[in-house]
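Residue 13 in my numbering sits at position 13 of the sequence shown, and the numbers go up by one each step.
Every residue gets a Cβ at the ideal spot worked out from N, C-alpha and C, and that includes glycine.
I have placed the structure first, in the form of structure tokens, so that the comments after it can refer back to it.
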Amino acid sequence: MSTPESNTTSSAAPDSGSALVPRPSSYNDCITCRIIGSGAFAATGIYALRMARPSAPGSIVGKRIMGGLGFCFLVGSALRWRM
Numbered sequence: 001m002s003t004p005e006s007n008t009t010s011s012a013a014p015d016s017g018s019a020l021v022p023r024p025s026s027y028n029d030c031i032t033c034r035i036i037g038s039g040a041f042a043a044t045g046i047y048a049l050r051m052a053r054p055s056a057p058g059s060i061v062g063k064r065i066m067g068g069l070g071f072c073f074l075v076g077s078a079l080r081w082r083m
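Right, here's the structure in full:
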């Protein structure tokens, strides 16, 4: 049996013609995607904070969990806007 001339798994260094183009390390969304994504996180955070208010039905533990989630969603909204 004969082997093919070109071996695609060779350990030789690639020539300069097949060099990979470096990609930027960060991904930038369009402004519409940022607005919608940040708005969705903010709306969810505000809703969770409203469910944590003292007059809302539910247990104290549940309200604290909702308050923590609301805060996390608002922080996520700010991070989503900045990144």
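Give every residue of the same chain whose Cβ lies closer than 6 Å to the Cβ of residue i, excluding the five residues on either side of it in the sequence, and list them in chain order.
i     : result
Gly67 : Ala52
Val61 : none
Arg80 : Gly37, Ser38, Phe41
In terms of residues, what are the limits of the alpha helix (DSSP H) holding residue i?
i     : result
Val21 : No alpha helix (DSSP H) contains Val21, which DSSP labels as neither H nor E.
Cys72 : 60-82
Arg34 : 31-51
Ordered along the chain, which non-local residues of its own chain (more than five positions away) have a Cβ less than 7 Å from that of residue i?
i     : result
Asp76 : Just to set this straight, residue 76 is Gly in the shown sequence, not Asp. These residues qualify, in order along the chain: Phe41.
Phe73 : Phe41, Thr44, Gly45, Ala48
Asp29 : none
Leu69 : Ala48
Lys63 : Ala52, Ala56
Ala78 : none
Are there 16 or more other CB atoms within 10 angstroms of the CB of residue i, so buried, or fewer, so exposed?
i     : result
Ser50 : The sequence shown places Arg at residue 50, rather than the Ser named in the question. Answer is exposed; the Cβ neighbour count stays below 16.
Gly39 : exposed
Arg82 : exposed
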